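One line per chain: the protein sequences are A and B, in this order.
Numbering-wise, the first sequence is residues 3 to 395 according to the working numbering.
Numbering-wise, the second sequence is residues 2 to 312 according to the working numbering.
In this text, a Cβ means the ideal position worked out from N, Cα and C, and glycines have one as well.
Everything numeric in this text was worked out from a predicted model, so none of it was measured.
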Amino acid sequence: MSGSPTQPAVTSVRRADAGEGSGSVELRSISKSFGGVTVVKELDLSVRPGEFLSLLGPSGCGKTTTLRMLAGFEQPDSGEVLISGAAVQHLPPHKRDVNTVFQSYALFPHMSVAANIAYGLRQRRGIDRAEIRSRVSEALDMVQMTRFADRRPSRLSGGQQQRVALARALVNRPSVLLLDEPLGALDRKLREDMQVELKLLQSRLGTTFIFVTHDQEEALSMSDRVAVMLDGRIEQIADPYTVYERPATAFVAGFIGQQNFLPGTPADGGRAIEIDGGTIHPGEPVTTPGPVRVAVRPEAVRVAETPPAEPANALPGTVAAVSLLGDVLQYVVHADAGHELLARVPRRQAGRLAEGARVWCSWAPADVHVFPAEATPRDSTRDSTRDPIGSAK
Amino acid sequence: MTSAHRGPRTAWRAAPAGLLATPALAWIALFFVAPVGLVFWYSLGRKPGLYQTHANDVLTLDRYREALGDTFMTSFAGTLRIGLAGTALCLAIGLPFAYWLAVKVRPHRRFVVLALVLVPFWTNFLIRTIGWQVVLSPEGFASRALQSLGVTDAPFSMLFTRGAVLLGVVYNYLPMMILPLYVALDRIDGSLREASKDLGANRWRTMAQVTLPLARPGIAAGLLLVFIPLMGDYVTAAVLGGARGTMVGQLVASQFQQAQNWALGSAMAVVLILVIAVTILATALAGAVCTWLLTRRRRSELAGLAEGSPA
Numbered sequence: 003m004s005g006s007p008t009q010p011a012v013t014s015v016r017r018a019d020a021g022e023g024s025g026s027v028e029l030r031s032i033s034k035s036f037g038g039v040t041v042v043k044e045l046d047l048s049v050r051p052g053e054f055l056s057l058l059g060p061s062g063c064g065k066t067t068t069l070r071m072l073a074g075f076e077q078p079d080s081g082e083v084l085i086s087g088a089a090v091q092h093l094p095p096h097k098r099d100v101n102t103v104f105q106s107y108a109l110f111p112h113m114s115v116a117a118n119i120a121y122g123l124r125q126r127r128g129i130d131r132a133e134i135r136s137r138v139s140e141a142l143d144m145v146q147m148t149r150f151a152d153r154r155p156s157r158l159s160g161g162q163q164q165r166v167a168l169a170r171a172l173v174n175r176p177s178v179l180l181l182d183e184p185l186g187a188l189d190r191k192l193r194e195d196m197q198v199e200l201k202l203l204q205s206r207l208g209t210t211f212i213f214v215t216h217d218q219e220e221a222l223s224m225s226d227r228v229a230v231m232l233d234g235r236i237e238q239i240a241d242p243y244t245v246y247e248r249p250a251t252a253f254v255a256g257f258i259g260q261q262n263f264l265p266g267t268p269a270d271g272g273r274a275i276e277i278d279g280g281t282i283h284p285g286e287p288v289t290t291p292g293p294v295r296v297a298v299r300p301e302a303v304r305v306a307e308t309p310p311a312e313p314a315n316a317l318p319g320t321v322a323a324v325s326l327l328g329d330v331l332q333y334v335v336h337a338d339a340g341h342e343l344l345a346r347v348p349r350r351q352a353g354r355l356a357e358g359a360r361v362w363c364s365w366a367p368a369d370v371h372v373f374p375a376e377a378t379p380r381d382s383t384r385d386s387t388r389d390p391i392g393s394a395k
Numbered sequence: 002m003t004s005a006h007r008g009p010r011t012a013w014r015a016a017p018a019g020l021l022a023t024p025a026l027a028w029i030a031l032f033f034v035a036p037v038g039l040v041f042w043y044s045l046g047r048k049p050g051l052y053q054t055h056a057n058d059v060l061t062l063d064r065y066r067e068a069l070g071d072t073f074m075t076s077f078a079g080t081l082r083i084g085l086a087g088t089a090l091c092l093a094i095g096l097p098f099a100y101w102l103a104v105k106v107r108p109h110r111r112f113v114v115l116a117l118v119l120v121p122f123w124t125n126f127l128i129r130t131i132g133w134q135v136v137l138s139p140e141g142f143a144s145r146a147l148q149s150l151g152v153t154d155a156p157f158s159m160l161f162t163r164g165a166v167l168l169g170v171v172y173n174y175l176p177m178m179i180l181p182l183y184v185a186l187d188r189i190d191g192s193l194r195e196a197s198k199d200l201g202a203n204r205w206r207t208m209a210q211v212t213l214p215l216a217r218p219g220i221a222a223g224l225l226l227v228f229i230p231l232m233g234d235y236v237t238a239a240v241l242g243g244a245r246g247t248m249v250g251q252l253v254a255s256q257f258q259q260a261q262n263w264a265l266g267s268a269m270a271v272v273l274i275l276v277i278a279v280t281i282l283a284t285a286l287a288g289a290v291c292t293w294l295l296t297r298r299r300r301s302e303l304a305g306l307a308e309g310s311p312a
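Structure below.
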C-alpha cells in the first residue's frame, strides 16, 4: 500500500494512441426505464479525455445504470452514447473500448490471478504470447501483485482482489475505465489508501476514469469533476471545490457534507431573510420569491459564550451535545427559537464548552446559501460515517 | 490454555466430528456395503441343484465366464449404448434449458418453471412409461398425427424400437439432469459473465471459458445421476423396447427370479457395477485430460510470473 509515485512499468501501459478525442465520453439525452420506472431521464453528460469524473448520488439515483449503459450491459431506451467520438449505443459490451472494475470485483474463481489479467488480451487477435506475458507482467507490477500471480482469487484479501480487478481492466489499455463503487467493500483505512493510489494511477496513465460512488468524501477527494445525481438527473456537475462551496441545489448542498437548514422568508428586497428568532443576511441579495431554505455549513458556524460584535447571523442557544471527531469538535446547539444547529470547530482553536452552556452561534454572510423552500433535502444524505451522535434536524 | 472444568457443551464439542455422519454411515454399511459384499460372495459360488439358488462350497470364477457369454455381451453392448446415448441426450437437452432457467427467466418465475420440471414425478414411474406405449402404438396419437400431416400414409409404430427406449429414457431421467445443472448455473454470479463480455469475449467464448468451466460440478453430478440409474434400469426398456430392448438389468433380474440362479445373477451384477465404475472413471479422466490440454497454453504462457522471471 505504499503507492510509490514512480514505477517504470507504468509508462508503457500509458495509452499510446491518445489522439484527438480518444477517451472522451458523451451521453446525449439518455433515458432508461425498467418496468415502467424511469431510472435515467434525458441525461446529458460530457467527459473530457483523461478526466477523472465521479457520478455521485444516493442509491437509486441512476448512477450505476448510467455506467452500465456506457459499458453496454444496458441499452438506453433513447439517446446516444459516444465513446471517443463514435456512437456505440448499439454495440455489445465486448466491442466497446471500455473496461469495467466491478463492485464485486467479478474475478474468475477458476483462474489464477495472472490468467484473470490475461483474459482480456486473449480475446483479441494479433497479440502474441510474448506480448501477453509481458503486458500481464507489467500490469501485475503496476498493482504490486506480482508475487500473487499464481494464486486463485479466493485466496486473496479484499484489497488484493480489488487490485487484480483493476489490473485486469487496465491491461487492455481501454480509452475509458468504468469503476462501479470499487472501494465499497473495503474497510475505511484501506479505502483511503486506495483512493490515493487510484488517483495517482489515473494521472500517470492519462486514462479517462468514470467512477460511481455514493460516498461524497471519496468523490470529492479523487475527482477532477463531480456529477451529483438525483432521480435519474444530474443536479450539478462541477469541480469538487465548486460543488462543495457553491452547491447549485438544496439537494446538492445537503448531500455533499452536512448543512444546517433553516426555513425563512426574504425581506428588505432580498437583502435579509427573516427566520424564527432572528434575521439572516446573505452574502448576495436573494432573488427567489416566496419561502426559502437557508443553508449554513457546520464548519462555518462559530460558537462563543459572548454575543458576536455584529448582531446579524447570530442565534443564542444552549449546547446540547459535544463530541470529538478526530481533529474537530462538534457541537449540537439548541437555539432558543427552536432550531437545532450543528457546529464544527477545530479542536485546538477553541476551549471546550460544556453541555448546557449558554452560547451564541454565528456565521458570516458569505457562508449563507439560499435555496427555494420546496426542494426538500433527503434525510439519507447525512454523512453517517462522520457523525457518531446522529444528525441534527 | 485449557479450561479447568468442562461443561456438557464442551464435551459435545470435543466429540469426534464424524459423529454427525454416524446414522448415514450405519445405514450405508447395513443396506449397501453388506448386500453388495454378499452379491460379490455369491458370484464366486454356483447353483448346486434345481431347487437351490446358490452355494459357496466351491469357490470358482466360472459364473463370470458364463456371465460374459454371447447373450449377455449383446445386451450389455445395447445397455451401454442406451446408457451413453441417453445420458448424452439428457445433457444436450438439459443444459440449454437449465441455462435458460437460471439466467434468462425472471427470478420469481423460476419457481414455477422448476415445479413444472418436477410435475412428471407426481405420477408413478411405471404408469408414466406405460403411458408412452399408448402414445407410440400404431393406433396411437403419434402415428395418427404423422398420418394426418402426411408424413406417412400407413399406421406407423415407434413402439418396441431403440428410438422408443431412448425417448422413454430421456423423458424419465431429464429432471435428474436439469436440477443439478440449474443449481450449478444459478450459483454463478452474473457479474462474471458481464466481466467476460466487458473484457472482449462474445457470448460463445464466455460460455466456453467462464460459464461451463464453473458449472462443471453440476455437469458431473447430472451425468452421474442419469447414467448410473439408467444402466440398471430395465423397466423403461422392457415396456417400450419389448424383446429388442433387453437391458442387462433385465437379465440380472431374470436370473434371480425366473432362473433362481443367484450365483450367475450376482456375477452379472458385479460385471455391471464394474463397467459403470470404469465408464465413469474413463469419462472423468477424459475430462481432466481435455481441461489440461485446453489450459496448457494459458499455463505455459504465464508460468513463473510470480518469480518475476523475465519474459
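Should residue i be flagged as near chain B, meaning a C-beta pair shorter than 9 Å?
i: A:S177; result: no
i: A:F36; result: no
i: A:P94; result: yes
i: A:P390; result: For A:P390, the predicted model reports a pLDDT of 36, less than 50, meaning its position is unreliable; a value from the coordinates is still stated below. So, not an interface residue.
i: A:I258; result: no
i: A:V214; result: no
i: A:N262; result: no
Since residue i contacts residue j with CB under 8 Å, what's their CB separation in whole angstroms?
i: B:V118; j: B:P176; result: 5 Å
i: B:L252; j: B:F73; result: 6 Å
i: A:M224; j: A:Q260; result: Not confirmed; about 20 Å, so no contact.
i: A:L232; j: A:F253; result: 5 Å
Check for me: the alpha helix (DSSP H) holding residue i runs from which residue to which?
i: A:D143; result: 131-144
i: A:E53; result: Neither: A:E53 is in no alpha helix (DSSP H) and is coded neither H nor E.
i: A:L72; result: 65-73
i: B:Q256; result: 249-257
i: B:G219; result: 217-233
i: B:P24; result: 23-29
i: A:A252; result: 252-257
i: B:R82; result: 71-100
Classify residue i as buried or exposed, calling it buried when 16 or more other Cβ atoms lie within 10 Å of its own Cβ.
i: A:Y121; result: buried
i: A:H341; result: buried
i: B:T75; result: exposed
i: B:D234; result: buried
i: B:T153; result: exposed
i: B:N173; result: buried
i: A:G266; result: buried
i: A:P184; result: buried
According to DSSP, is residue i part of a helix, a strand, or is it coil?
i: A:Y449; result: Only positions 3 to 395 of chain A appear in this structure, which leaves residue 449 of chain A out of reach.
i: B:D190; result: coil
i: A:S24; result: coil
i: A:R30; result: strand
i: B:K48; result: coil
i: B:F161; result: coil
i: B:V118; result: helix
i: A:S393; result: Only weak support is given to the placement of A:S393: the predicted model assigns it a pLDDT of 36, under 50, and the question is left unresolved by the model.
i: B:A239; result: helix
i: A:E342; result: strand
i: A:R98; result: coil
i: A:L327; result: strand
i: A:Q332; result: strand
i: B:R299; result: helix
Output the boundary residues of the beta strand (DSSP E) element that contains residue i.
i: A:W362; result: 360-364
i: A:Q163; result: Counting along the chain, A:Q163 falls outside any beta strand (DSSP E), though it belongs to the alpha helix (DSSP H) covering 160-172.
i: A:P236; result: Checking the sequence, you will find Ile at residue 236 of chain A rather than Pro. Segment 235-240, the beta strand (DSSP E) holding A:I236.
i: A:M231; result: 227-232
Kindly indicate if chain D contains any beta-carbon less than 9 Å away from that of residue i.
i: B:K198; result: Checking the listed chains, one finds no chain D in this structure; the protein chains it contains are A and B.
Less than 9 Å between CB atoms is the rule here; does residue i satisfy it with respect to chain A?
i: B:R298; result: yes
i: B:L303; result: yes
i: B:A5; result: With a pLDDT of 49 at B:A5, under the threshold of 50, the modelled position of this residue cannot be trusted, and the question is left open.
i: B:A312; result: Caution applies to B:A312, whose pLDDT of 40 falls short of 50 and renders its modelled position unreliable; the model cannot decide the point.
i: B:L182; result: no
i: B:D190; result: yes
i: B:V211; result: yes
i: B:G201; result: yes
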